[in-house]
Amino acid sequence: MLEKKVTNYEKAVLIGVINREQDERKVQEYLDELEFLTYTAGGEVFHRFTQRMDVPNPKTLIGSGKMEEVEKYVKENDIGSVIFDDELSPAQQRNIEKQLRCKIIDRTSLILDIFAQRAQTSYARTQVELAQYEYLLPRLTGLWTHLERQKGGIGMRGPGETEIETDRRIVRDRISLLKKKLTKIDRQMETQRGNRGALVRVALVGYTNVGKSTLMNVISKSDVFAENKLFATLDTTVRKVVIGNLPFLLSDTVGFIRKLPTQLVESFKSTLDEVREADLLLHVVDISHPNFEEHIASVNQILDEIKSADKKSIMVFNKIDQYVPETIDEDDLVTERTKSHFTLADWKKTWFNKIGDRALFISALNKENLDDFRKRVYDEVRDIHVTRFPYNNFLYPEHLE
14 MLEKKVTNYE KAVLIGVINR EQDERKVQEY LDELEFLTYT AGGEVFHRFT QRMDVPNPKT
74 LIGSGKMEEV EKYVKENDIG SVIFDDELSP AQQRNIEKQL RCKIIDRTSL ILDIFAQRAQ
134 TSYARTQVEL AQYEYLLPRL TGLWTHLERQ KGGIGMRGPG ETEIETDRRI VRDRISLLKK
194 KLTKIDRQME TQRGNRGALV RVALVGYTNV GKSTLMNVIS KSDVFAENKL FATLDTTVRK
254 VVIGNLPFLL SDTVGFIRKL PTQLVESFKS TLDEVREADL LLHVVDISHP NFEEHIASVN
314 QILDEIKSAD KKSIMVFNKI DQYVPETIDE DDLVTERTKS HFTLADWKKT WFNKIGDRAL
374 FISALNKENL DDFRKRVYDE VRDIHVTRFP YNNFLYPEHL E
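Just so we're aligned, residue 14 is where the sequence shown starts under this note's numbering, counting upward by one.
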């Protein structure tokens with residue numbers, strides 16, 4: 014008899030700061046995303062705390078009154094983790110841990126933890142490990158407070174600092190070793206990409222959890238892992254796809270996210286070589302998400318960082334089956350009409366109109382409008398192929414068979 018698997022979620026609370034850069038609405042959006050990240054990592058959010066602060070507290074990020082409120086809630090509800098939406102300095106993390114006496118995690122640490130869970134291949138694990146060590150290095154001092162050799166004075170001189178320096182040296186050596194290992198793997202992958210011949214390369218890019226892997230499975234008839242969680246895909250997957258009689262390579266890449274940690278951008282830049290070397294980008298967008306415009310801006314920013322913003326691209330607005338605009342009653346004369354009330358037809362009249370035929374509306378899950386999608390991709394890939402190999406023009410007719 015099979016035993017029923019029981020998932021024990023860790024109790025957590027979230028903390029966000031309202032300031033000049035992010036108003037209350039934006040902080041709530043970030044906390045929604047942080048809650049989804051917490052769930053993906055194996056936690057359950059019991060409460061959210063927010064505080065309005067123009068200047069963050071250099072010691073604990075939030076004020077002393079709010080800290081006492083959080084401390085009381087943590088003790089009364091046996092909370093295991095307190096998760097901050099903003100990155101904490103090593104000193105802030107130590108100070109908060111001393112007061113709350115529980116696990117203190119920031120957004121960066123949480124994303125690194127999810128990446129560590131999701132990494133399957135040696136390449137992905139090496140990249141995640143490098144990012145984790147770079148994040149850990151400045152925080153080592155706090156890990157050695159249990160030795161009680163930090164205070165100085167009579168009877169307190171001992172191996173504490175020596176132990177810390179030893180650990181720092183070990184971590185630095187490990188970082189150096191991992192960078193060499195990644196360089197070696199990069200050369201191997203570069204050779205693999207070079208051996209793929211002259212096929213046109215198409216890359217799926219976009220925010221995390223927008224349906225890139227689902228679309229990959231539908232188009233390439235493969236079984237890439239897809240799940241309704243953040244960062245379901247870490248390893249780049251490449252499949253040969255044939256539309257009509259035209260073959261090309263389609264790659265599924267790691268999703269992007271707002272406030273992406275610097276360590277991850279750096280360590281995963283090599284994974285994004287598939288994007289750099291692609292001839293065509295399919296920018297997948299979850300149009301059912303209320304903040305999809307911000308997601309587009311975040312993706313474009315990272316594409317700009319890896320010098321791929323000027324590549325030929327098609328905007329693929331996915332999950333049209335889940336898009337439900339808000340409605341206003343006919344007798345409601347108070348509510349102001351905003352973007353949340355736009356239908357798909359309304360959106361097409363906005364800045365979407367400038368994109369023209371470079372915007373597609375599909376549902377990968379329900380396979381809606383996939384014929385239009387295939388036709389558009391076919392035309393783009395054919396143009397690239399014929400430009401590259403004019404003598405092959407006769408092989409591919411102007412229309413799909």
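The C-beta atom is built at its ideal place from N, Cα and C for all residues, glycine as well.
Looking at the secondary structure, which residues open and close the alpha helix (DSSP H) in which Phe308 lies?
Before going on, a small fix: residue 308 reads as His here, not Phe. Here the alpha helix (DSSP H) through His308 covers Phe305 to Glu318.
As a quick exercise: from Pro71, Met66 and Gln112, pick the residue whose alpha carbon is nearest that of Met80.
Gln112
Name the residue from Leu262, Phe355 and Thr179 whose alpha carbon lies nearest to the alpha carbon of Ser301.
Phe355
Once the 5 residues before and after Leu294 are set aside, which same chain residues still bring their CB inside 6 Å of it?
Ala216, Val218, Lys324 and Ser326
In angstroms with no decimal places, state the Cα-to-Cα distance between Pro71 and Ile127.
28 Å
Could you spell out the range, first to last residue, of the beta strand (DSSP E) harbouring Ile327?
Ser326 to Asn331
Helix, strand or coil for Ile270 per DSSP?
coil
Does DSSP put Gln64 in a helix, in a strand, or in coil?
strand
For Arg401, which residues of its own chain have a beta-carbon under 6 Å away from its beta-carbon, when the five flanking residues on both sides are left out?
none
Please report the straight-line C-alpha distance between Ile117 and Leu153, rounded to a whole angstrom.
15 Å
Sort Tyr22, Leu44, Tyr52 and Asn379 by Cα distance to Phe470 and report the nearest one.
Residue numbering for the chain in the displayed model covers 14 to 414; residue 470 lies beyond these limits and cannot be assessed.
For Ile315, collect the residues of the same chain with a Cβ closer than 6 Å to its Cβ; drop the 5 residues on either side in sequence, then sort them by chain order.
Phe269
Separation of Lys88 from Leu212, as counted between CA atoms
60 Å
Sequence-distant residues of the same chain with beta carbon closer than 8 Å to Asp385, five excluded per side:
Leu373 and Ile375
What are the boundary residues of the beta strand (DSSP E) that includes Asp299?
Leu293 to Asp299
Candidates Gly257, Leu190 and Leu149: which alpha carbon is nearest Arg181's?
Leu149
C-alpha distance - Lys197 paired with Glu84, whole-angstrom precision:
47 Å
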